Structure formats: C-alpha cells, structure tokens
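K.L.:
Before I ask anything, let me first share the structure, which is written out below as structure tokens.
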Amino acid sequence: MIYAIVTPAMGCGESYGTTSIEGGWERIPNINDQHIQDLGSWAVLEFLKHANCVLKFNKVVSGKEQVVSGMNYELVIDASDASGKLGSYTAEVYEQERTKTRKLVSFNKAK
C-alpha cells in the first residue's frame, strides 16, 4: 500500500510560521510606531468627514490588533475638541496593505 501526503504549495511572498493566529486580538507591541500613529490620525480625519464637530488628533495611546484577511485595529485615541478639551475616542480600522484598502469601521467616544 502506498500513502501520499499532499500539501498545498506556498507561493512567493506568502508567510510561513507566523506567530499570530488569525482571529485573535493582541496588544499592539509598539504604540508609538509611526504607522499606528498615522492610522489614528487618519481615523480622526475620516470621522470628521461625516461628523458635525471639530477634533484635533493628539496621539494613539493604546490599542489591539487582529489578523484577518488584512488587519483590524482597535485604537484608543486622544483628541482635542474645538475648545481644546482633551477626550479619548475608540476607533476600529480595517486595513489590507496588499489591496491598499483602509476602512473606518467605527469611531466613538471612549467610555
């Protein structure tokens, strides 16, 4: 009797042995990473396109990331209103670098 093990071939550019399991949320290891700060700034600007208020992005202070067919980010953002009062907001952003997709899923005042 002959047994054969068939495994799918991996193409160039595919990851092998990634440490993140798709679907699990993990703390963002370097919240000061420029890409994370840029995502937070973008989320505030995207929110303002549809909101009737003024907010000025200050910084992303914490967050989680989730590997999907791209990345989900849950960011806690400090931003100032028109009077300069600082507030915290939670933004969920979906990003897929391969297709250059970025979507603001939600943006709310943090509780």
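For the sequence shown, counting from 1, position 11 maps to -7 in the working numbering; every step adds exactly one. In this text, a Cβ means the ideal position worked out from N, Cα and C, and glycines have one as well. The structure presented is a predicted model; accordingly, all values stated were derived computationally and were not measured.
#1: Could you give the first and the last residue of the continuous beta strand (DSSP E) run that contains Glu74?
#2: Hey, could you find the ends of the beta strand (DSSP E) Val43 is sitting in?
#3: If I measure Cβ to Cβ from Asn54 and keep anything under 6 Å in the same chain, skipping five residues before and after, which residues do I get?
#4: Where do the N-terminal and C-terminal ends of the alpha helix (DSSP H) with Ser23 fall, by residue?
#5: Is it true that the stretch 70 to 84 meets the stretch 19 to 27, where meeting means three or more beta-carbon pairs spaced less than 8 Å apart?
#6: Short of 7 Å in beta carbon distance, which residues of its chain neighbour Phe89, apart from the five on each side in sequence? Order them along the chain.
#7: Spatial neighbours of Ala61 within its chain, please: C-beta separation below 7 Å, excluding the five flanking residues on both sides.
P.N.:
Looking at the coordinates:
#1: Note, Glu74: beta strand (DSSP E), 68 to 78.
#2: For Val43, the enclosing beta strand (DSSP E) has its first and last residue at 37 to 50.
#3: Closer than 6 Å at Cβ, skipping near neighbours: Gln48, Tyr76.
#4: Unbroken alpha helix (DSSP H) run through Ser23: 16 to 30.
#5: Contact holds: three or more Cβ-Cβ distances are below 8 Å.
#6: Answer for Phe89: Ala25, Phe29, Tyr71, Ala73, listed in chain order.
#7: These residues qualify, in order along the chain: Val26, Leu37, Lys38, Phe39, Asn40, Gly69, Tyr71.
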